[in-house]
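Remarks on the structure that follows.
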Amino acid sequence: MTSVPVYVPIIKGKLNDLRAVGALSSSVRDIVKPLIEAMPANPRKNRTEEHVFKFCNYVMKHVPLGEVFVDFFGLLPDEILEDGTNATIYGYRLLKSLGRTVTPVYGLERNDDLWDEFGKLAATFGKGFAFRLRRDDLADYLIDETWGTILERTAQMGLRAQDVDLVLDFENVGDNTVSEIVDVVFSFLWHNERIRDYRSVIVAGSSALKTVTEVGKDDMKEITRTELHLWSALWRDMPDDFKPIYGDYGVIHPDFSDLGPNKYMNAKIRYTAGDKILYFRGHGLLHPVKDYAQYHDLAALVRSDSRFRGRSYCIGDAYLDDCARRQVSHGSPATWVKADMNHHLTYVTHQVIRLVSAFIQETSDERAEALLVIV
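Counted from 1, the sequence shown has number 237 at position 236 by this note's numbering; the numbering is strictly sequential.
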């Protein structure tokens with residue numbers, strides 16, 4: 002993999018999300034650097050140590066190769082194990098002991114007592130470090146403070162800017178205009194005249210729906226990927242020697258929670274094409290009657306759409322085609338996370354490569370925007 006990835010998807014540290022990454026072709030995996038974030042522990046099921054161990058084993062088993070960022074975001078900053086070890090630090094040490102090299106990720110609003118330990122971890126892994134900045138960190142009135150903290154913590158960890166990635170994570174961007182976020186990004190970045198010294202700047206967000214309540218039952222709806230338009234605007238406005246890396250949450254809402262089953266869950270398949278996520282919604286899986294077989298019909302609807310890429314495109318598309326032909330089981334919501342995400346990650350990687358090549362030659366903003374909708 003090159004030192005700077007083409008695409009940084011933020012991946013929930015759940016089984017089928019990680020399987021989706023592990024099933025990527027080598028040509029895609031080599032130029033993608035996922036940011037895997039641990040989910041919160043379910044206090045009714047696991048102790049913290051068990052939860053962290055399970056997450057690390059998932060990473061080792063399903064994403065054993067390739068560059069990755071890891072963020073133990075789901076853990077409370079002050080969460081400790083029975084022996085007094087901070088749970089986040091334990092997680093990184095466990096990954097190292099298992100032989101998995103990662104780039105550690107941490108935010109400014111968490112535990113200020115851990116920065117010395119992060120310096121040691123960064124030195125041990127030898128893969129640099131990433132600051133994950135939230136929308137509040139980038140507010141105009143906090144820019145001086147945020148940059149001051151980044152510079153201070155970088156020095157405290159014994160790192161250089163060249164070893165550091167900045168992840169500007171806007172989370173849910175579906176209700177924002179692109180121009181609003183562009184202004185925030187530029188105000189923050191150009192506040193530091195040495196911004197070009199940093200290894201990379203990743204701008205991430207998501208327009209994915211949290212629920213499908215706004216999609217009609219047994220219907221389809223297209224959701225515009227605002228995060229793609231944001232990255233496009235930034236890429237075209239930034240200097241040739243300093244370009245942002247595209248990031249998103251795949252087809253998963255940033256605030257997704259897997260705590261507890263939902264008996265009113267609906268069947269759905271999400272399919273990314275152009276600047277849209279297509280939501281194919283069925284009806285209740287368990288209520289009023291159990292009906293998982295409806296996934297066969299949903300898959301057939303996706304396959305009949307002119308934007309379907311064909312079974313040879315990726316593992317996710319092959320499964321979708323098999324399901325539409327009723328050659329495999331109908332699957333479950335978890336199964337379809339793997340298929341939906343595998344398609345999205347593959348598609349977006351190819352899309353970003355294509356767009357960068359086109360942007361280099363295209364001078365018209367209008368024509369550049371039109372490129373985003375091309376499937």
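C-beta: ideal position from N, C-alpha, C; glycine also.
Computed from a predicted structure; not experimentally measured.
Would you kindly check if the distance between the Cβ of residue j and the Cβ of residue i is under 9 Å?
i, j, result
"A340", "I270", "yes"
"V202", "W232", "no"
"F132", "I196", "no"
"D18", "V338", "yes"
"R386", "G217", "This structure leaves residue 386 out entirely; the chain is present only between 2 and 376."
"E228", "S208", "yes"
"M61", "R101", "yes"
"N193", "W148", "yes"
"I278", "H345", "yes"
"G251", "I12", "yes"
"L109", "I144", "no"
"R136", "E172", "yes"
"A140", "V185", "yes"
"E68", "I90", "no"
"G85", "F56", "no"
"V106", "F74", "yes"
"Y8", "G248", "yes"
"C324", "A300", "yes"
"V29", "V64", "no"
"A39", "L76", "yes"
Taking only three categories from DSSP, how would you classify residue i?
i, result
"G175", "coil"
"G444", "The requested residue 444 is not part of the displayed model; the chain covers only 2 to 376."
"F309", "coil"
"D170", "strand"
"I361", "helix"
"T3", "Residue confidence for T3 is low, a pLDDT of 47 falling below 50, so the modelled location carries little weight; the figure read from the coordinates is stated next. T3: coil per DSSP, three-state reduction."
"G285", "strand"
"S28", "helix"
"S258", "coil"
"H192", "coil"
"A294", "coil"
"D1", "With the chain represented from 2 up to 376, any question about residue 1 goes unanswered, as that position is not in the structure."
"Y93", "helix"
"D322", "helix"
"E367", "helix"
"I375", "coil"
"I253", "coil"
"G75", "coil"
"R197", "helix"
"K213", "Strictly speaking, residue 213 in this sequence is Val, with Lys absent from that position. Three-state result, V213: coil."
"G23", "helix"
"N17", "helix"
"D238", "helix"
Taking 6 Å as the limit between beta carbons, can you name the residues of its chain near residue i, skipping five residues before and five after?
i, result
"A42", "T49, H52"
"T178", "none"
"A359", "L372"
"V71", "I37, V103"
"Q157", "W116"
"R111", "P78"
"R312", "D318, A319, D322"
"A294", "H331"
"K222", "V216, Y280"
"T273", "H345, Y348"
"T364", "none"
"A335", "N17"
"P255", "E172, N173, S207"
"L378", "Outside the shown range of the chain, which is 2 to 376, sits residue 378, and nothing can be said about it."
"L122", "Y93, P105"
"P35", "P10, I12, V22, V69"
"R327", "H297"
Per DSSP, which one or two residues make a beta bridge with residue i?
i, result
"R271", "Y280"
"G248", "V9, A205"
"T225", "K277"
"N87", "I81"
"D220", "R282"
Given residue i, which residues of its chain have a CB within under 7 Å of its CB, disregarding the five upstream and five downstream residues?
i, result
"I375", "G275"
"Y265", "G285, H288"
"R154", "W116"
"Y59", "G14, L16, L19"
Grab me the residues of residue i's own chain with a C-beta within less than 8 Å of its C-beta, minus the 5 sequence neighbours each way, in chain order.
i, result
"D219", "R282, G283, H284"
"S26", "C315, T347"
Ignoring anything shorter than 3 residues, give me the beta strand (DSSP E) runs that lie fully in the segment 95 to 166, in order along the chain.
104 to 107, 130 to 135
4 or more residues per run - each alpha helix (DSSP H) lying fully within the segment 34 to 73:
49 to 63
Uninterrupted alpha helix (DSSP H) stretches inside the segment 325 to 352 (no shorter than 4 residues):
none
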